[in-house]
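These notes concern the structure reproduced below.
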Amino acid sequence: MRAETIRLRKEINKMDVAVKKKKKVVKLEKKKLNRCLTENLLLSVTEHLLRGILFPPGGNY
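Per our numbering: the sequence shown ends with 57, consecutive numbering throughout.
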């Protein structure tokens, strides 16, 4: 019985480690995604502003 308990405890520890690693990966992926979203948002806002400045509505060009 004791050996079984130890074996099960080791299995649980392995699973805990795996879960922690997964969480870390998910956290990093979220960070990357947020950075991409922020960059895209900044780019689209900048593009919009530049377009407004360079090609004002109703302008002859």
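Using N, Cα and C, we set each Cβ at its ideal position, and we do this for glycine too. Keep in mind that this is a model prediction, so the values were computed, not measured.
- Spanning the alpha carbons of residue 35 and residue 16 requires a straight line of approximately 29 Å.
- Annotation: residue 47 to residue 33 spans about 21 Å, alpha carbon to alpha carbon.
- Here DSSP, grouped into helix, strand and coil, assigns residue 48 to helix.
- When the Cα atoms are used, residue 50 and residue 27 turn out to be separated by approximately 34 Å.
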